[in-house]
Ligand code: TMP
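Residue numbers (our numbering): 805 to 1023.
Following this line, the structure appears as structure tokens:
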């Protein structure tokens, strides 16, 4: 029997980057290897956080700005959802030495709220200090995509999301912020261009993660 260790993997990227698809594929493949793995997402992931997700996403369909949350309220809702998710799902799973795959996490708050909407970095950092403690992803997989490709993928979606209505510039800004974060801490990031639909990325992600896990497990 090998010695299990917790491993926290996050997928990040703009809408249409394929991160939800890739996180599901990785989860399935690790599960097939009989590894202890869970797949979760933000905002959401726990019953209470999913309730907050509904409130956040619903807000963006209101056209009148007087009916929309202030950007700080919106940010606090993301952070409230993160707190619920951490307490109820992420921390217990890591304690049980599981592999946690999370579709979006803190980099999304930096890309969308801080860089995208100019929300105070201090506000986010202060709350993160309280709710995250030392918890950080062991590895973040960033999927980049040509903006035109992301937009064409979004057009094909049945279920519309709030950012599906965002401008091209917003996506460019958000993606550049993700890239900036990845460049700052290269050891903790894997970056893939997912503009072309092929199976290679899926295989490469799986093989890289498997190698890392086996090394971690001492095998
Ligand atoms: P999804 O499209 O990946 O389900 O995510 C829902 C939306 O939430 C997406 O448009 C990005 C946004 N989001 C933020 O703006 N800040 C955050 O911190 C997180 C986790 C997501």
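The beta-carbon is built from N, C-alpha and C at its ideal position, and this holds for glycine as well.
When rounded, the separation of the alpha-carbon atoms in residue 1009 and residue 830 is 7 Å.
Not a single heavy atom of the ligand TMP lies less than 8 Å from the C-beta of residue 870.
Across the set 1017, 925 and 917, the C-alpha of 917 shows the shortest separation from the C-alpha of residue 975.
According to DSSP, residue pairing for residue 997 in a beta bridge involves 948. Residue 816: member of the beta strand (DSSP E) spanning 811-816, first to last residue. DSSP places residue 905 in the uninterrupted beta strand (DSSP E) bounded by 903-907.
Counting along the chain, residue 843 sits inside the beta strand (DSSP E) bounded by residues 841-845.
For the pair of segments examined, the segment 993-1013 was found to touch the segment 945-956: the number of CB pairs separated by less than 8 Å reaches three. Unbroken alpha helix (DSSP H) stretches of 4 residues or longer found wholly inside the segment 855-898: 875-889, given in chain order. Residue environment analysis places residue 823 among the buried positions, since at least 16 neighbouring C-beta atoms fall within 10 angstroms of its C-beta.
DSSP places residue 914 outside any alpha helix (DSSP H), giving it a letter other than H or E. Taking C-beta separations shorter than 6 Å and ignoring five residues to either side along the sequence, the partners of residue 842 in its chain run 897, 902 and 904, following chain order. Residue 970 and residue 978 have their C-alpha atoms roughly 11 Å apart. Taking the CA atoms as reference points, residue 994 sits about 21 Å from residue 953. With fewer than 16 neighbouring CB atoms inside 10 Å of its own CB, residue 1023 falls in the exposed class.
If you look at residue 831, you'll find it in the alpha helix (DSSP H) that goes 823-836.
Sequence-distant Cβ neighbours of residue 817 in its own chain, meaning closer than 8 Å and more than five residues away, are 823, 946, 947, 948, 949, 979, 982 and 998. Its chain contains 893 and 906 as the residues whose beta carbon lies nearer than 6 Å to that of residue 844, once the 5 sequence neighbours on both sides are disregarded; these appear in chain order. With fewer than three CB-CB distances shorter than 8 Å, the segment 850-870 does not count as touching the segment 916-931. Between residue 927 and residue 876, the beta carbon gap of about 7 Å places them in contact (Cβ cut-off 8 Å). For residue 941, the Cβ stays outside the 8 Å cut-off from all heavy atoms of the ligand TMP. For residue 946, the CB stays at least 8 Å from every heavy atom of the ligand TMP.
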